[in-house]
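What follows is a short report on a single structure.
Residue numbers (our numbering): 7 to 814.
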């Protein structure tokens, strides 16, 4: 009665029932009890026609039962009629209704005899329980309507408990599922049975009040209840379809996950979020790490992770969405690789899990470290570069503020390195720099740092010194070490080094200040003669500021034409006539007065003003030669000093040709002086320019000869016209130094090369007499004429020529 067992209903498709001994015993016991109780309580029928009509209705309505939940149980509105017959017709009505419903179910679902026996027995027991409960509750005290309603609901409850209790038992034995699963499904039908019990009471009342027409009135609420049940059933079916679709989507997603997981080229694991054990691993992890799947599944990721601090203790359950977590994983062979681990929370086989992916970044880490090393170290010497040195100085300053212990920065600049580099080539220069770096490191303690700042400039950071004297002693030791010869390409090379020392103390605020002050001290060492060290003092900073101001004034003066030229006569020692002049630039500063050339010319070179200064001197000197010629003092040539950097400019020849043409001068009216050092060091770059100038007819003179790094082979190939003996040799001809043989050798060498020889710095008659005796062609100096204004040169030349004419 009511809800009937359908072991093999239409959804899902039928399958064979296994008749296990417990199941057969259970059904047999139920059937026996049903038969005994029916026989015991059966009475003669009193309303055969009514029972027959209701049974027919039950037969028809049993074809529209509604499934409850996902378990194979169903409920039909015939439960209402069942209860009605049980209440009104007793055991006979129960038997008739049960037979009608069992026949309908057997026809509809093609039930076998075993199921039909259970359904009939179950229906009989449910009906008898409802009949007995109803009549027992009617005997209670209280108002009749209340007792009647309570009896109807009680009958429905008894029908429900017996029905689903027996069905739960047989389903548990037949399917093997836990009985609680069936109990949960059965509970969903309880409200309907209670309503059916109440409706059954209404059926009885209507029948008693209206006779046969009571069926018609009784069917109205039943029909309404059945329609409501059908609507609910359709909603339930839609819900079931939706859940089935979700389950199918989940299965599809799991299949896709499996495919992506297994085919991913990167190692992947699924980790249980609670135990942190690996519950799945892909083939890429097995291939790359060398462990078997079984070994992975019996371990945690922490078992293959090298201890690296926080990362080693990473808990993917508490941090399921970590990105770019760097770890080091140990392979089976013992090698360790760097990996980037990413994770994502997921659900795997019904439990919370974390999907972990590891990407091998060992090569990337190696390249990053290599790039970092290259960014912080000099590629040639492998010493720290400026960037790393500045960082170390900043750390030293922080430590000094904390401990009050001083440190020192030494800035080193190699003396004469450019000469070696230009003469032997850049490859030899690089070997020399590497050798210098090695020697510096050999002189330092482990706590000290050496750096190459670029070119031939190095730095030493002394982390722990007792004071300036300690730093100065280290600097002196470095000066002595670098005085020792170096062997490069089987050549013995001698260098010197100028060192500036700056102390790190509370007055220093930054690495830039330290480098600035050490640089100032280094330039002071160069100015004092090189191959020495100088400790920074605040006066140097003041001098540097003055230098900056002077540079600014010089720039303004060059652009504004505040400079002027003076001219020193050059004398032919055979005729004692003035044959030429040397143009010398002078600067009369409005505040500082006359600024010496040896101060402002190097400043112009450093400030990039030397080109403009040389161009102004050349233009002014050529204009003056033209003016002298127009005044009747022609026939002079003018010597102009050019910076060595000018010969690097390929446009120099064209500029000189333009100046000569504008002033209508012959090329022989102009003489260009370059130092011996420039002539040798820039031989290759200057050769083409000098050849073109000399081909034009411009005179070329080597100034300050004897003070530089001369090589006879270079001089033989040098396209020059004149050698100027440096004044230091002239001054020592007659003062006891006996430089006369050396000067004689220079004169002889110059004449041997076809060059005119002129001596500089002649200040006494004895020097002049000696030079005449040694065969010098010409001379200049204070004895013969101080640098003077153009007007005085003009007067001198005119007077000389007047005297010559008078003598004739």
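Think of the CB as a built atom: it goes at the ideal place given N, C-alpha and C, for glycine as much as any other residue.
- In this structure, the alpha-carbon of residue 447 lies about 15 Å from that of residue 459.
- Annotation for residue 806: 583 and 584 place their beta carbon closer than 7 Å to its own, counting only its chain and skipping 5 residues before and after.
- Residue 595 and residue 488 have their C-alpha atoms roughly 41 Å apart.
- For the beta strand (DSSP E) assignment, the stretch 365 to 401 encloses no uninterrupted run of at least 3 residues.
- Secondary structure note for residue 673: it is in no beta strand (DSSP E), with a DSSP letter that is neither H nor E.
- Of the residues 406, 472, 434 and 388, the one whose Cα lies closest to the Cα of residue 443 is 388.
- At the C-beta level, residue 773 and residue 576 stay beyond 8 Å of one another.
- For residue 570, the pairing in a beta bridge is given by DSSP as 592.
- Fully enclosed alpha helix (DSSP H) runs of no fewer than 4 residues occupy 119 to 144 of the stretch 99 to 176, in order along the chain.
- Its chain contains 804 as the residues whose beta carbon lies nearer than 7 Å to that of residue 638, once the 5 sequence neighbours on both sides are disregarded; these appear in chain order.
- For a cut-off of 8 Å, the C-beta gap from residue 728 to residue 764 is around 6 Å, short enough to register as a contact.
- In this structure, the beta-carbon distance from residue 502 to residue 421 falls below 8 Å.
- Between the alpha carbons of residue 599 and residue 790 lies a distance of about 26 Å.
- Residue 368 and residue 377 have their alpha carbons spaced roughly 14 Å apart.
- Here residue 696 is buried: its Cβ has 16 or more other Cβ atoms, across all protein chains shown, within 10 Å.
- According to the DSSP secondary-structure assignment, residue 575 is paired through a beta bridge with 587.
- Here the stretch 125 to 136 makes contact with the stretch 99 to 110; the two share three or more CB pairs at distances below 8 Å.
- Per DSSP, residue 502 lies in no alpha helix (DSSP H); the unbroken beta strand (DSSP E) holding it starts and ends at 502 to 510.
- Counting every other CB atom within 10 Å of its CB across the protein chains shown gives residue 766 a total of 16 or more, marking it as buried.
- The shortest C-alpha to C-alpha distance from residue 628 to any of 587, 268 and 452 is the one to 587.
- Between residue 474 and residue 509, the beta carbon gap of about 6 Å places them in contact (Cβ cut-off 8 Å).
- Our two residues, residue 589 and residue 624, have alpha carbons roughly 9 Å apart in a direct line.
- Bridge partners of residue 463 according to DSSP: 419 and 460.
- Leaving aside the five residues that flank residue 626 on each side, the residues in its chain whose CB is nearer than 6 Å to its CB run, in chain order, 571.
- Under the DSSP assignment, residue 448 falls in the alpha helix (DSSP H) whose first and last residues are 432 to 448.
- Just measuring C-alpha positions, the residue of 668, 353 and 607 sitting nearest residue 649 is 607.
- When 106, 797, 504 and 164 are compared, the shortest CA-CA separation from residue 93 is found for 164.
- Fewer than three Cβ pairs drawn from the stretch 139 to 149 and the stretch 120 to 128 lie within less than 8 Å of each other, which leaves the two stretches out of contact.
- Residue 287 and residue 372 have their C-alpha atoms spaced approximately 28 Å apart.
- In the DSSP secondary-structure assignment, residue 729 is bridged to 708 and 763.
- When the Cα atoms are used, residue 651 and residue 438 turn out to be separated by approximately 25 Å.
- For the set 646, 491 and 252, the Cα lying nearest the Cα of residue 631 is the one of 646.
- The distance from the Cβ of residue 124 to that of residue 33 is about 5 Å, consistent with a contact at the 8 Å cut-off.
- For residue 39, the closest C-alpha among the options 150, 63, 64 and 172 is that of 172.
- Taking all protein chains in view, the Cβ of residue 253 is surrounded by fewer than 16 other Cβ atoms within 10 Å, so the residue is classified as exposed.
- Following the DSSP letters along the chain, one finds residue 617 inside the alpha helix (DSSP H) bounded by residues 616 to 636.
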